[in-house]
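Remarks on the structure that follows.
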Amino acid sequence: MKKTSTRDKLIHAMADALQRKGLHGVGLSELLEIAGAPKGSLYHHFPGGKSELAVAAIDHISRHIDSLFSQLFTQQTDPLKALHNWLQGALLQLENSQFERGCPLATIALESGPEDVEIRAALQRSFTAVRLALSAQLHAYGYPCEQADNLAALFVALYEGGLLQARVAGSSEPLKRAATALFNLTREQFPGGVRP
Numbered sequence: 005m006k007k008t009s010t011r012d013k014l015i016h017a018m019a020d021a022l023q024r025k026g027l028h029g030v031g032l033s034e035l036l037e038i039a040g041a042p043k044g045s046l047y048h049h050f051p052g053g054k055s056e057l058a059v060a061a062i063d064h065i066s067r068h069i070d071s072l073f074s075q076l077f078t079q080q081t082d083p084l085k086a087l088h089n090w091l092q093g094a095l096l097q098l099e100n101s102q103f104e105r106g107c108p109l110a111t112i113a114l115e116s117g118p119e120d121v122e123i124r125a126a127l128q129r130s131f132t133a134v135r136l137a138l139s140a141q142l143h144a145y146g147y148p149c150e151q152a153d154n155l156a157a158l159f160v161a162l163y164e165g166g167l168l169q170a171r172v173a174g175s176s177e178p179l180k181r182a183a184t185a186l187f188n189l190t191r192e193q194f195p196g197g198v199r200p
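Residues in the sequence shown are numbered from 5 upward in steps of one, following our numbering.
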């Protein structure tokens, strides 16, 4: 079994912290403790400090989401069913964490300001990758390109907003209702009103 490097431990610790607490909710000491890393290791691996580590964590999260999509769409050729399965997994994680674990991308996006140029660039790459992956699946299923792009953008916006509302409410209901409406709309938007 391959030993996890200190750098990777720090990235995993930051990814976890972003999902639970956001960028400003976790301190360096806590990150080092979670990672089981010595004090000097953060600046050794990430000379830019917490911001550079956050960018590495965002990129890690993005790769994880890409891998998850790959699995979901391989297991389920109907993109709506694959997206439904993804939402079910997100809801289960949210409920099991007692509404602590939201989307790490949304959490840090809400906290970032114009001065966080590198963080925002990493977030933009991640959100774009998610939208492109969803759009490609919808297009492959038969939706025209522009419609697939629009539905993918709508799904990402709905997912992020619904997850945020669910966390605040301490209930899955906001995301479930929004997802139901989106799936109904997406089915209706298929050319001719009928899915293949």
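For each residue, glycine too, the CB sits at the ideal point set by N, CA and C.
Exposed unless 16 or more other CB atoms sit within 10 angstroms - verdict on residue i
i, result
"T190", "buried"
"P108", "buried"
"T8", "exposed"
"A185", "exposed"
"S101", "exposed"
"P51", "exposed"
"L136", "exposed"
"Q79", "exposed"
"Q75", "exposed"
"A86", "buried"
"V172", "exposed"
"A96", "Contrary to the premise, residue 96 reads as Leu rather than Ala in this sequence. Burial call: exposed."
"A183", "buried"
"P200", "Summary for P200: the model assigns pLDDT 41, below 50, so the residue's position carries little reliability; its value from the coordinates is reported in the next sentence. Per the 10 Å Cβ criterion, exposed."
Below-8 Å beta-carbon distance, residue i vs any chain C residue
i, result
"A140", "Reference to chain C is not applicable here, since this structure consists of a single protein chain."
Identity of the residue in the options nearest residue i by Cα
i, options, result
"E119", "Q75, H16 and S55", "S55"
"F187", "Q169, S175 and F159", "F159"
"A156", "S175, Q128, T132 and L57", "T132"
"H68", "A182, S176 and V134", "V134"
"T115", "R105, L138 and L127", "In the sequence as presented, Thr is not what sits at residue 115; that position holds Glu. When only C-alpha atoms are compared, the closest one is L127."
"G215", "L57, E104 and S74", "Residue coverage of the chain in this structure runs from 5 to 200, which leaves residue 215 outside it and unanswerable."
"E192", "Q151, L179 and E177", "Q151"
"F20", "N154, L57 and F73", "Phe is not the amino acid found at residue 20; the sequence shown has Asp there. Cα-wise, what sits closest to D20 is L57."
"L22", "A170, N154, G106 and C149", "G106"
Three-state secondary structure assigned by DSSP to residue i
i, result
"C107", "coil"
"P51", "coil"
"T81", "coil"
"A19", "helix"
"A41", "coil"
"Q102", "coil"
"D12", "helix"
"L27", "coil"
"V198", "Because V198 sits at a pLDDT of 45, beneath the cut-off of 50, its placement in the model cannot be relied upon, and the following sentence gives the value as read from the coordinates. Three-state DSSP puts V198 in coil, outside helix and strand."
"G166", "helix"
Three or more beta-carbon pairs under 8 Å between the segment 92–112 and the segment 35–48, yes or no? No: the two stretches stay apart, fewer than three of their Cβ pairs being nearer than 8 Å.
With three or more C-beta pairs closer than 8 Å as the rule, is the segment 140–147 touching the segment 163–175? No, the segment 163–175 is not in contact with the segment 140–147.
Check whether the segment 58–71 touches the segment 12–26, counting contact only when three or more Cβ pairs, one atom from each stretch, lie closer than 8 Å. Counting C-beta pairs with one atom in each stretch, the segment 58–71 and the segment 12–26 have three or more that are closer than 8 Å, which means they touch.
Would you say the segment 99–117 touches the segment 18–35, given that touching needs at least three Cβ pairs under 8 Å? Contact check between the segment 99–117 and the segment 18–35: three or more CB pairs, one atom from each, fall below 8 Å, which counts as touching.
With three or more C-beta pairs closer than 8 Å as the rule, is the segment 121–128 touching the segment 33–43? No: fewer than three Cβ pairs fall under 8 Å.
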